[in-house]
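**Q** Can you read through this structure? Questions will come right after.
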Ligand code: ADP
Ligand code: MG
Ligand code: MG
C-alpha cells in the first residue's frame, strides 16, 4: 500500500526521456524534440509536461497533485545543466513555454518566449550578451507582449499600436532602428497597457510567469478557435495539449544570429532541393509573422557557411531517420545552430505521391509504405481539373476548401438569379454569406458556391460536397451585400455578372477568369500517356503506386455505368465490370410514349404491344454495354423507380387538359393520363410502388427486361464476344418476392439462352433493412447480393436523402451527431452492421454467394476499407472514383495485415 502511494504519476519528461512515438503523451512537438535530442542534434535543453496533466487540469480546474513539484525538480535540473537560474537578476536563464498537441494545429495554440525576464533580470541579460542593451530590452518587450496577449488576453492590437507609435516617433518603419532607449520606453508603455487591461502589474516573479504561462497553454486547448479547428479537422476534443518548456536561444543577438524555417523537399511539388526562409537578427515568431522580409534559405550559405552546412547535414539526417519529408524550425545564436522543432511535414496531394515515389527510389521505404503514405482523397484531388496559375493570378481571398474542384463563372447573389442565368446556359458562382435550405435550387444550378461565413460543416459545405459541387466557404475577407448585389474584397467591388474563379481544394478566390487545365493524372488514366515513357514525376509516381495497389488488393473494383460510353471510360480507369447498370434511362426520351402506353393499357393486348415495342430498344442498349464490357461481369438492375416518374407532372397535365378543353380539342388521351397520374400519386414515393413491387404488379414488365438482357447476351456471344450478365432485382425485402421474380425470369432465360453457352446469374440488391436481417433466407434464391447502401442508409436511418441533406445535416454535423454524412461514408455501427449481418448470414446459407456494393459508398475511402474488412468481393462506384477505390482497396490490405507504421 505504502509503495503505491510513493509511486507518483509522472507528468513531466525531460527531452532525453521521450521519443517520437510518444505523441499521445508528449504531443508532436515534445515527442520530436525528444527524438532529436536522442539523435544527438543540437536542441536546447528542456522538458515536456504531458497531455495527461493538461486533461487533469481541464477536468478539475486545477493542476494535478505533484505537478508543481515535478516541474520544480525538472526546472532545477535544467538550471543546473545550464549553470543559470530562471530569471536570475545577474545571469538569468530564460525559457519558452510552447504548446504542442498530438496533431499540429497551426496558429491555434500559442507560445510565450523569454519567460524569466523582469525589471532586474533584463539588466543581467544585457550583461550576458556583452552589454547588448538593445537586445535585452527588445526581448523584454516581446515577453510582455506575448504574455499579455496569450496568457492574460490583452488585445494584441494595443501592443502593435504602441510599437507603431514608437517607430513613428523615431521616423522609421523598421523595428531594427529602435535603439535600447526606445525599447525601454516601449516596455513602459507595454506595462501600462498590461496593467490597464488586467488590473495588475506585469508579474515580476519568474516562477509565477512560468506557472501562468503553462496554465494558459492548457486553457488554450479549449479556446474557441481551437475547438472550431478540431471540429473541422475531426480531431478528438479530449486529446489535450502538452507543454514544452525550452531553454531560450537567441536569434536576435545581432547580424551573426537569426532564425528560420525549412523543408527537406518542396511541400508543394515534392521536388528535391532546399526550401526555406531565413531572417537575420530576429526571434522565432518574426519569420512566420511576416514582419520583415525573409531571404531564401540558400542565402544563409553566404552569411554563415558553417551553420548552413551543419543545417543541411542535419536535414539529410532527419529525412533518413524519419524516412519522410520533414519541416524544421531553427535558430542561430552567434554562429551556433540550434534545432527548435521538426515534424513530418504537411504536403499537397501531388507532393505526397511524388515524395513517396522518390523515397522508394532512394531505398528509404518500400512500395507498401509508399502506398500507405498516400490516400484516395489525395488521388481524387489530383483528378480534378486545376487552375493554370502560371501568370499574374493572385488570390483576393482565401476561405476553406469545402468541396474540391475549379469553378469559373458569373457572380450571382440569389438562388433565383442563379437558376435564371444557368437556364440561359451561363456558368454561375452563387455567392452568399451563408446558404440555407432555400438556396438549394441555386446551388444545383451553380457551377460553384462561395460563402463568406461558415466552415467545413456549414450548410453550404455539406450540401456542396453531397452534390460534388465546387465550394469555398468562410472566405471572411469578402464583405457580401446581398440586397446591393455586390461584394467587396481587397478594396475592389464585385457586382452581379462579374466573373470569379474559385478553387475548392485550396479555398482560394480569384477575380476574373483563371484558365483551367485538365489533370495529367486523368490523362494518364485515360490512357493517353504511355506509362513506360512518362517524364512527369507526379504521373510516374501515381503509376507505380497504383500498379502496386492493384497487385495488393483483394477487392475487385467495378463501376456504376448506364451507357456504353460510361462503361468504356470506366474500363479505361480500371473497372473490372459493371456493378450497377440502371435501366431507367432506357424508359426516357422518345420512349416515354411507350411507357405511357404501358401504363394506360386497358387490356392485356395493349400492354403486351407496348412491352413488345420496348423490347428491341432495350436489347440494343444492352448489346452496346455488353460489347464494351466484353468478358467482364455486368450487373443489370431491373427497373426501380415508380412508373409515374415517367409521366408528366400533375400540374402540367391539368393545365394541358383545361387549355385543350377550352379550345374544344379532343382531350381523351390527356384526360386518361391525368387520371392515371392522380391514381398513381404517392405520399412517399420512396417507400411506394417501386422496385420489385412494380415487377410483381405489372405483368410482363420484368420478363421483357430479362428477355432483352438474355437476347443481348446471346447476340454478343454469338458474334464472338463474351457477355456475363447478372440480373439484379431491386428493393427486395422478403425471399418470396425474389422467388416469384426468379421463377418467371428463369423460364425466359431458358427459352432464350438455349445452347449459346451464355450464363445468366440472378441476384438481388440488399437495400431494405428487412432484407439484410433475413439474408440467410434470401440467399437461398439469390446467386449474388449487391448492397445498395444509399437506400439502406435512407431506410436504416429513416430519412430521405433528397429532403434531409439540405434541411438539417449541417446542424447534425455541427452538433457532432455524426462526424460525416452517412451518405458520404458508411455508418459502420448502424448501416454497416446490417451489411455485416447480411454478408455473414448470406454466405452461411450459400458459400459461393457473390457479394458487392453499388451505393456511392463504393468510392469512399473509409467505406472501401470497411467493405474489405467485411469480406465483400467487390465495390462498384462511379467511373471517376474507380481509381480511388483501386488505391484504397490496396491500402485496406496493408491495414489489415498490420504493416501500418504510423
Ligand atoms: P508554433 O507551434 O506556432 O510553431 P513554437 O512553439 O514552435 O510555436 O514557437 C514559436 C516560435 O518561437 C518558433 O519560431 C520557434 O522556433 C520559436 N521558439 C520557441 N522556443 C524557442 C526557444 N527556446 N528559443 C528560441 N526560439 C524559440
Ligand atoms: Mg513551431
Ligand atoms: Mg435503391
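In the numbering used here, the protein residues as written are 579 to 1480.
All C-beta atoms in this analysis are idealised placements derived from N, C-alpha and C, irrespective of residue type, glycine included.
(1) So is residue 733 buried or exposed if we call it buried at 16+ other beta carbons inside 10 Å?
(2) Roughly how many whole angstroms lie between the Cα atoms of residue 928 and residue 1191?
(3) Taking 7 Å as the cut-off, is the beta-carbon of residue 826 closer than that to any non-hydrogen atom of ligand 1?
(4) Is it the case that the Cβ atoms of residue 663 and residue 722 are separated by a distance below 8 Å?
(5) Any chance you could list the alpha helix (DSSP H) runs of at least 4 consecutive residues sitting entirely within the region 1245–1323, in chain order?
(6) List the whole-angstrom C-beta distance separating residue 1156 from residue 1139, where the pair is believed to meet the contact cut-off of C-beta under 8 Å.
(7) Figure out for me which residue from 910, 1181 and 935 has the closest Cα to the Cα of residue 847.
(8) With H, G and I counted as helix, E and B as strand and the rest as coil, what does DSSP make of residue 838?
(9) For residue 985 and residue 1065, what's the separation of their Cα atoms in angstroms?
(10) Flag this pair as yes or no: are the beta carbons of residue 1420 and residue 1363 separated by less than 8 Å?
(11) Please state the DSSP three-state secondary structure of residue 908.
(12) When you measure from the CB of residue 613 to every non-hydrogen atom of ligand 2, does any distance come out below 7 Å?
(13) Report buried or exposed for residue 1121, applying the criterion of at least 16 other Cβ atoms within 10 angstroms of its Cβ.
(14) Does the distance from the CB of residue 834 to the CB of residue 891 come in under 8 Å?
(15) Count the other C-beta atoms from every protein chain shown that fall within 10 angstroms of the C-beta of residue 679, then say buried if there are 16 or more, exposed otherwise.
(16) Less than 7 Å separating the Cβ of residue 622 from some heavy atom of ligand 1?
(17) Report the residue from 821, 827 and 798 whose alpha carbon sits nearest the alpha carbon of residue 815.
(18) Pull every residue with its beta-carbon under 6 Å away from any heavy atom of ligand 2, and keep them in chain order.
(19) Given residue 885, which residues of its chain have a CB within under 8 Å of its CB, disregarding the five upstream and five downstream residues?
(20) According to DSSP, which residues form a beta bridge with residue 1078?
(21) Report the rounded CA-to-CA distance for residue 947 versus residue 953, giving the unit in angstroms.
(22) Please name the residue in 841, 1018 and 990 whose C-alpha comes closest to that of residue 540.
(23) According to DSSP, residue 1341 sits in a beta bridge with which residue or residues?
(24) Closer than 7 Å: is that where the CB of residue 877 sits relative to any heavy atom of ligand 1?
(25) When you compare only the Cα positions, how much space is there between residue 817 and residue 1377?
(26) Work out the CA separation of residue 1025 and residue 998 for me, nearest whole Å.
(27) Give a yes or no on whether the C-beta atoms belonging to residue 852 and residue 881 are separated by under 8 Å.
(28) Following a CB-centred definition, is residue 863 positioned closer than 7 Å to any heavy atom of ligand 1?
(29) Pull up the distance between the alpha-carbon of residue 888 and that of residue 900, whole angstroms please.
(30) Flag residue 703 as yes when its Cβ comes closer than 7 Å to any non-hydrogen atom of ligand 1, and as no otherwise.
(31) With a floor of 4 residues, list each alpha helix (DSSP H) that falls wholly inside the region 756–835, ordered by position along the chain.
(32) At the level of alpha carbons, what is the spacing between residue 966 and residue 1022?
(33) Can you give me the C-alpha to C-alpha distance between residue 1083 and residue 1039, rounded to a whole angstrom?
(34) Indicate the three-state DSSP secondary structure (helix, strand or coil) for residue 1346 in the structure shown.
(35) First and last residue of the alpha helix (DSSP H) that includes residue 632?
(36) Considering only C-alpha positions, which residue in the set 726, 760 and 675 is nearest to residue 711?
**A** Per the coordinate set shown:
(1) Start at 1 with the first residue of the chain shown, and residue 733 comes out as number 155. Result: exposed.
(2) One-based indexing of the chain shown puts residue 928 at position 350. One-based indexing of the chain shown puts residue 1191 at position 613. Each residue's alpha carbon lies about 52 Å from the other.
(3) Here the question's residue 826 lines up with position 248 in the chain shown. Correct: residue 826 has its Cβ closer than 7 Å to ligand 1.
(4) The count along the chain shown starts at 1 and reaches residue 663 at position 85. The count along the chain shown starts at 1 and reaches residue 722 at position 144. The beta carbons of residue 663 and residue 722 sit no closer together than 8 Å.
(5) As far as the region 1245–1323 is concerned, its whole alpha helix (DSSP H) runs of at least 4 residues are 1246–1258, 1270–1275 and 1279–1296.
(6) For the purposes of this step, residue 1156 is taken as the residue at position 578 of the chain shown. For the purposes of this step, residue 1139 is taken as the residue at position 561 of the chain shown. In this structure, residue 1156 and residue 1139 form a Cβ contact; the two beta carbons are roughly 5 Å apart against a cut-off of 8 Å.
(7) Residue mapping note: residue 847 aligns to position 269 of the chain shown, counting from 1. Comparing alpha carbon positions, the residue from 910, 1181 and 935 closest to residue 847 is 935.
(8) Reading the chain shown from its first residue, position 260 is the one you call residue 838. It is a strand residue.
(9) Walking along the chain shown from the start, residue 985 turns up at place 407. Walking along the chain shown from the start, residue 1065 turns up at place 487. In a straight line, the C-alpha of residue 985 is about 18 Å away from that of residue 1065.
(10) Taking the chain shown and counting its residues from 1, one reaches residue 1420 at position 842. Taking the chain shown and counting its residues from 1, one reaches residue 1363 at position 785. Residue 1363 sits close to residue 1420, with the two beta carbons spaced by under 8 Å.
(11) As a first step, residue 908 must be located in the chain shown, where it is residue number 330. The answer is strand: DSSP assigns residue 908 an E or B state.
(12) Looking up residue 613 in the chain shown gives position 35. No, the Cβ of residue 613 stays beyond 7 Å of every heavy atom of ligand 2.
(13) For this step, residue 1121 is matched to residue 543 along the chain shown. Buried, because 16 or more other Cβ atoms sit within 10 Å of the Cβ of residue 1121.
(14) On the chain shown, position 256 is the one that residue 834 refers to. On the chain shown, position 313 is the one that residue 891 refers to. By the CB criterion at 8 Å, residue 834 and residue 891 fall outside the cutoff.
(15) To locate residue 679, count along the chain shown from 1; it is residue 101. It counts as buried.
(16) As a first step, residue 622 is located in the chain shown; it is residue number 44 there, counting from the start. For residue 622, the shortest separation between its Cβ and any heavy atom of ligand 1 lies below 7 Å.
(17) On the chain shown, position 237 is the one that residue 815 refers to. For residue 815, the nearest C-alpha among the options comes from 798.
(18) Any residue whose Cβ sits closer than 6 Å to a heavy atom of ligand 2 makes the list: 907 and 919.
(19) Residue mapping note: residue 885 aligns to position 307 of the chain shown, counting from 1. Counting only residues of its own chain and dropping the five nearest sequence neighbours on each side, residue 885 has a CB closer than 8 Å to the CB of 878, 910, 913, 914 and 915.
(20) Here residue 1078 is taken as the residue at index 500 of the chain shown, counted from 1. Per DSSP, 987 and 1089.
(21) Taking the chain shown and counting its residues from 1, one reaches residue 947 at position 369. Taking the chain shown and counting its residues from 1, one reaches residue 953 at position 375. Distance from the CA atom of residue 947 to the CA atom of residue 953, rounded to whole angstroms, is 12 Å.
(22) Nothing can be reported for residue 540: it is not among the residues displayed for the chain, which extend from 579 to 1480.
(23) Taking the chain shown and counting its residues from 1, the one referred to as residue 1341 is at position 763. 1306, per the DSSP bridge assignment.
(24) For the purposes of this step, residue 877 is taken as residue 299 along the chain shown, with counting starting at 1. False, no ligand heavy atom lies under 7 Å from that Cβ.
(25) Taking the chain shown and counting its residues from 1, one reaches residue 817 at position 239. Taking the chain shown and counting its residues from 1, one reaches residue 1377 at position 799. Answer to the nearest angstrom: the Cα atoms are 33 Å apart.
(26) Counting from one through the chain shown, the residue named residue 998 turns up at place 420. Counting from one through the chain shown, the residue named residue 1025 turns up at place 447. If you take the alpha carbons of residue 998 and residue 1025, they lie about 13 Å apart.
(27) Within the chain shown, residue 852 is the residue found at index 274, counting from 1. Within the chain shown, residue 881 is the residue found at index 303, counting from 1. Cβ distance not < 8 Å, so residue 852 and residue 881 don't count as in contact.
(28) Translated into positions along the chain shown, residue 863 becomes position 285. Yes, ligand 1 has a heavy atom inside 7 Å of this Cβ.
(29) Taking the first residue of the chain shown as 1, we reach residue 888 at position 310. Taking the first residue of the chain shown as 1, we reach residue 900 at position 322. Rounded to the nearest angstrom, the two C-alpha atoms are 18 Å apart.
(30) Taking the first residue of the chain shown as 1, we reach residue 703 at position 125. No, the Cβ of residue 703 stays beyond 7 Å of every heavy atom of ligand 1.
(31) Here the runs fully enclosed are 758–776, 784–798 and 802–811.
(32) Residue 966 sits at position 388 when you count from the first residue of the chain shown. Residue 1022 sits at position 444 when you count from the first residue of the chain shown. C-alpha of residue 966 to C-alpha of residue 1022: approximately 26 Å in a straight line.
(33) Position 505 of the chain shown, counting from 1, holds the residue named residue 1083. Position 461 of the chain shown, counting from 1, holds the residue named residue 1039. Rounded to whole angstroms, the gap between the alpha carbons of residue 1083 and residue 1039 is 12 Å.
(34) Sequence index remark: in the chain shown, residue 1346 carries index 768 (1-based). Coil, per DSSP.
(35) For this step, residue 632 is matched to residue 54 along the chain shown. Element bounds for residue 632: 629–638.
(36) Counting from 1 along the chain shown, the entry for residue 711 is found at position 133. Among 726, 760 and 675, the Cα nearest to that of residue 711 is on 760.
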